[in-house]
């Protein structure tokens, strides 16, 4: 049996994180002493390391919780992991397209603005470059 400090040493995960995982239901101590000490089975080391590895795949703690709870119920979970990966790839593809479109917008503004002169320091305008965009967007939406 491992105390939480021993678990920290074996996994290199700090105690507050381990307690947080316990509060989320990701870890369960095998028992608690009368003085409140948590005692974990050796198998919890593998579970903590799984959590950390899953986080490197950008799995959220909620997703990891889904995987672990399915595993605890005796369900094979690799298909769940594959499905999550597919959803993450699809989401990333969408985000990449949005980022590329945003990059293109910024590049076109940068190109258009190369000929603009600087606003005078005491001007009513904060920056005509940005204010021009606000005017353009307002006229386009009406």
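In our numbering, the protein residues as written are -18 to 123.
For each residue, glycine too, the CB sits at the ideal point set by N, CA and C.
{"Asked": "Please name the residue, chosen from -11, 40 and 47, that lies closest to residue 27 on a Cα-to-Cα basis.", "Found": "-11"}
{"Asked": "I need the straight-line Cα distance from residue 114 to residue 65, nearest angstrom please.", "Found": "39 Å"}
{"Asked": "By how many angstroms is the C-alpha of residue 11 removed from the C-alpha of residue 77?", "Found": "44 Å"}
{"Asked": "What whole-angstrom Cβ distance do residue 128 and residue -6 have, given they're in contact under 8 Å?", "Found": "Look at the range of the chain in this structure, -18 to 123, and you will see that residue 128 is not part of it."}
{"Asked": "Ordered along the chain, which non-local residues of its own chain (more than five positions away) have a Cβ less than 7 Å from that of residue -8?", "Found": "26, 29 and 30"}
{"Asked": "Identify whether residue 9 lies in helix, strand or coil by the three-state DSSP scheme.", "Found": "coil"}
{"Asked": "Assuming residue 32 and residue 1 make a contact with CB atoms under 8 Å, what is their CB distance in whole Å?", "Found": "The pair is not a contact, with the Cβ atoms about 11 Å apart (cut-off 8 Å)."}
{"Asked": "DSSP beta-bridge partners for residue -16?", "Found": "20"}
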